[in-house]
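4 protein chains.
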Amino acid sequence: MSRLRVRYAETDKMGVVYYANYFVWFEVGRADFLRTVGWTYREMEAEGHSLPVIEAHCQYLQGARYDDELEVRTRGRMISPVRIAFDYEITRVSDHTAVAVGRTVHATLNSKGRPCRLSGRVRAVFQ
Amino acid sequence: MSRLRVRYAETDKMGVVYYANYFVWFEVGRADFLRTVGWTYREMEAEGHSLPVIEAHCQYLQGARYDDELEVRTRGRMISPVRIAFDYEITRVSDHTAVAVGRTVHATLNSKGRPCRLSGRVRAVFQ
Amino acid sequence: MSRLRVRYAETDKMGVVYYANYFVWFEVGRADFLRTVGWTYREMEAEGHSLPVIEAHCQYLQGARYDDELEVRTRGRMISPVRIAFDYEITRVSDHTAVAVGRTVHATLNSKGRPCRLSGRVRAVFQ
Amino acid sequence: MSRLRVRYAETDKMGVVYYANYFVWFEVGRADFLRTVGWTYREMEAEGHSLPVIEAHCQYLQGARYDDELEVRTRGRMISPVRIAFDYEITRVSDHTAVAVGRTVHATLNSKGRPCRLSGRVRAVFQ
Chain C
1 MSRLRVRYAE
11 TDKMGVVYYA
21 NYFVWFEVGR
31 ADFLRTVGWT
41 YREMEAEGHS
51 LPVIEAHCQY
61 LQGARYDDEL
71 EVRTRGRMIS
81 PVRIAFDYEI
91 TRVSDHTAVA
101 VGRTVHATLN
111 SKGRPCRLSG
121 RVRAVFQ
Chain Z
1 MSRLRVRYAE
11 TDKMGVVYYA
21 NYFVWFEVGR
31 ADFLRTVGWT
41 YREMEAEGHS
51 LPVIEAHCQY
61 LQGARYDDEL
71 EVRTRGRMIS
81 PVRIAFDYEI
91 TRVSDHTAVA
101 VGRTVHATLN
111 SKGRPCRLSG
121 RVRAVFQ
Chain V
1 MSRLRVRYAE
11 TDKMGVVYYA
21 NYFVWFEVGR
31 ADFLRTVGWT
41 YREMEAEGHS
51 LPVIEAHCQY
61 LQGARYDDEL
71 EVRTRGRMIS
81 PVRIAFDYEI
91 TRVSDHTAVA
101 VGRTVHATLN
111 SKGRPCRLSG
121 RVRAVFQ
Chain A
1 MSRLRVRYAE
11 TDKMGVVYYA
21 NYFVWFEVGR
31 ADFLRTVGWT
41 YREMEAEGHS
51 LPVIEAHCQY
61 LQGARYDDEL
71 EVRTRGRMIS
81 PVRIAFDYEI
91 TRVSDHTAVA
101 VGRTVHATLN
111 SKGRPCRLSG
121 RVRAVFQ
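Residue numbers (the working numbering), protein chains in the order written: chain C, 1 to 127; chain Z, 1 to 127; chain V, 1 to 127; chain A, 1 to 127.
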């Protein structure tokens with residue numbers, strides 16, 4: 001689980017968070033998810049792997065506002081030997097309101113940029 | 001149709017455009033779409049209407065790169081009396097490669113933030 | 001003092017943090033500074049005040065990298081009855097390297113957007 | 001000279017453009033400046049050079065607003081054999097109001113990340 005506080009930079013003139021920024025929070029969520037399972041995306045890249053996003057989706061339930069404290073809950077799972085999906089749920093801490101839910105799908109690439117199976121250690125994280 | 005050039009700010013350390021930024025380009029696409037039909041989102045807001053995003057989706061086909069010139073093709077249509085959907089297609093100008101396709105769904109709200117039917121003039125744009 | 005972790009979104013294709021994003025961290029720093037002294041920028045706005053930036057400066061000492069944990073140290077002071085300056089120092093936590101130093105100058109405006117003296121309570125924070 | 005239109009993404013809840021985004025427009029300005037003189041930053045990087053920002057400054061004169069059309073005027077000059085400075089002036093097209101002025105200073109690095117003199121061809125551009 002990740003905690004973050006809405007930055008002024010993330011708001012727009014409608015007074016709420018600009019819609020693209022939720023995807024940045026999803027990124028924070030999945031980085032922390034990987035960290036929790038004893039692994040970091042930085043390491044993964046250093047080892048030559050990458051997880052480029054091939055699909056992203058967000059459903060906006062309630063506009064997050066400046067200075068709101070939010071929680072991002074993330075779950076990851078393999079959806080094929082070379083695909084990982086992450087599901088996200090963003091909640092406002094003060095009143096437990098669901099702010100947004102979303103999903104990203106990622107290819108698992110090796111250092112040559114080709115689809116590859118993740119190692120057993122990594123796959124184990126997602127099961 | 002919108003034309004834009006990828007900014008350095010929009011890239012990430014993978015060397016391609018960060019995935020959330022495609023949603024910013026979708027915004028550029030729909031603003032220009034509205035402009036083309038003789039209307040601007042700025043005016044719409046001045047008249048008290050807004051089109052908050054309630055759903056957003058993007059499929060990434062090919063990573064756009066720094067300084068690429070891109071075209072965003074946008075179509076809009078009413079999917080209910082109080083919902084508009086926009087479909088986007090982003091293409092790299094140099095080789096006509098499809099870079100991404102996406103979709104956003106918007107509520108049509110009045111000045112009190114309540115769902116409202118758009119005026120006939122506006123609805124006509126989407127048919 | 002604020003702590004934050006570099007997001008992938010904040011990097012660029014050079015592999016380090018894009019230079020404009022340091023100003024976002026400065027914003028995080030000054031918001032936390034105000035919070036520390038028993039006050040929030042959100043409240044300030046709710047009371048009709050605002051602190052628009054009229055000048056911003058940053059000196060880049062060492063490129064921050066993805067996943068780096070950083071500390072932002074912020075100090076604020078009145079530089080005239082209607083001007084506040086904040087000074088920032090960003091340090092990488094792992095090795096205490098100074099990453100950047102900067103400064104922003106802000107006008108103090110009332111609800112009509114005119115320069116105004118801040119209340120004694122607020123001015124006291126800055127001395 | 002560059003032309004750009006303010007994106008919704010670039011505004012904040014104050015209703016004007018978030019201050020860090022002016023630095024993104026400076027980047028657009030200097031990329032176009034280089035392009036005008038028959039050269040692109042993309043090429044420069046491909047040849048192994050880079051121009052990391054070591055200092056950035058902006059003075060905000062008037063808040064740019066959503067959908068404003070802006071012009072960025074950029075001038076570059078060598079300030080030492082291994083330093084380039086760019087000066088920027090951003091103007092609103094509709095009323096010729098100066099919106100912001102700024103400056104960035106860049107190191108000139110070779111492919112090993114060490115300060116290097118730019119080629120005569122490049123230096124000529126800045127004189």
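For every residue, glycine included, the Cβ atom is placed at its ideal position computed from N, Cα and C.
In this structure, P115 of chain V and V93 of chain V do not form a Cβ contact; the two beta carbons are roughly 38 Å apart against a cut-off of 8 Å. Exclusion of the five residues before and after G120 of chain A leaves no residue of its chain whose Cβ lies closer than 7 Å to its Cβ.
Taking 4 residues as the minimum length, the region 51–76 of chain V contains no alpha helix (DSSP H) run wholly inside it. Against chain A, the beta carbon of P52 of chain V has neighbours under 9 Å at M14, V16, Y19, Y60 and G63, listed in chain order.
DSSP, reduced to helix, strand and coil, places L118 of chain V outside both helices and strands of the structure shown, so it counts as coil. Excluding residues up to 5 positions away in sequence, S2, V72, T74 and Y88 lie with their Cβ nearer than 6 Å to the Cβ of G29 of chain V in the same chain.
With respect to the C-alpha of R42 of chain Z, the residue from A:K112, A:D68 and A:V105 having the closest C-alpha is A:D68. Around Y8 of chain A, the same chain offers Y66 as residues with beta carbons nearer than 7 Å, after the five sequence neighbours per side are excluded. In this structure, the beta-carbon distance from G102 of chain A to F33 of chain A does not fall below 8 Å. The beta carbon of A85 of chain C does not come within 8 Å of any beta carbon belonging to chain V, so the residue lies off that interface. Of A:A20, A:E45 and A:A98, the smallest CA-CA separation from K112 of chain A is found for A:E45. With contacts defined by Cβ atoms closer than 8 Å, F23 of chain V and Y19 of chain A form a contacting pair. Pairing M78 of chain V with H57 of chain A, the inter-Cα distance amounts to about 20 Å. Per DSSP, D87 of chain Z is one residue of the beta strand (DSSP E) stretching across R83 to R92. Distance from the Cα of G48 of chain V is smallest, within the candidate group A:G76, A:M14, A:P52 and A:I84, for A:M14. DSSP, reduced to helix, strand and coil, places M44 of chain V within a helical segment of the structure shown.
Look at G38 of chain Z here: in three-state DSSP terms it is coil, with no helix or strand label. The criterion of a C-beta distance shorter than 8 Å is satisfied by F126 of chain V and G76 of chain V.
Residue V:R35 holds the alpha-carbon nearest to the alpha-carbon of R5 of chain C among V:V17, V:T108, V:A124 and V:R35.
For H96 of chain V against I54 of chain V, the beta-carbon gap comes to about 32 Å, at or over 8 Å, which does not count as contact. Within chain C, Y19, A20, Y22, F23, A56, H57, C58, Q59, Y60 and G102 have C-beta atoms less than 9 Å from the C-beta of A56 of chain Z, given in sequence order. 8 Å or more divides the Cβ of V99 of chain C from the Cβ of L51 of chain C. One finds R7 in chain A with Cβ atoms closer than 7 Å to the Cβ of V28 of chain Z, taken in chain order. Scanning C:V37, C:L118 and C:T40 for the CA closest to the CA of I84 of chain C turns up C:L118.
Listed along chain A are R42, each with a C-beta nearer than 7 Å to that of Y66 of chain Z. Closest option to T104 of chain Z, judged by alpha-carbon separation, among C:L70, C:R123, C:A124 and C:Q59: C:Q59. For T11 of chain C, the chain A residues whose C-beta falls within less than 9 Å of its own C-beta are T11, D12, K13, M14 and Y18, listed in chain order. Residue state for A20 of chain Z is assigned as coil, using DSSP reduced to three classes. Looking at the backbone, the Cα of V122 of chain V and that of I90 of chain V are separated by about 25 Å. Membership of S111 of chain C in any beta strand (DSSP E) is not indicated, and neither H nor E is assigned to it by DSSP. Judged by DSSP in its simplified three-state form, R123 of chain V adopts helix. Here the alpha carbon of T40 of chain C sits roughly 21 Å from the alpha carbon of T11 of chain Z. Beta-bridge analysis with DSSP links A98 of chain A to A:T91. For V17 of chain C and N110 of chain Z, the gap between their C-alpha atoms comes out near 19 Å.
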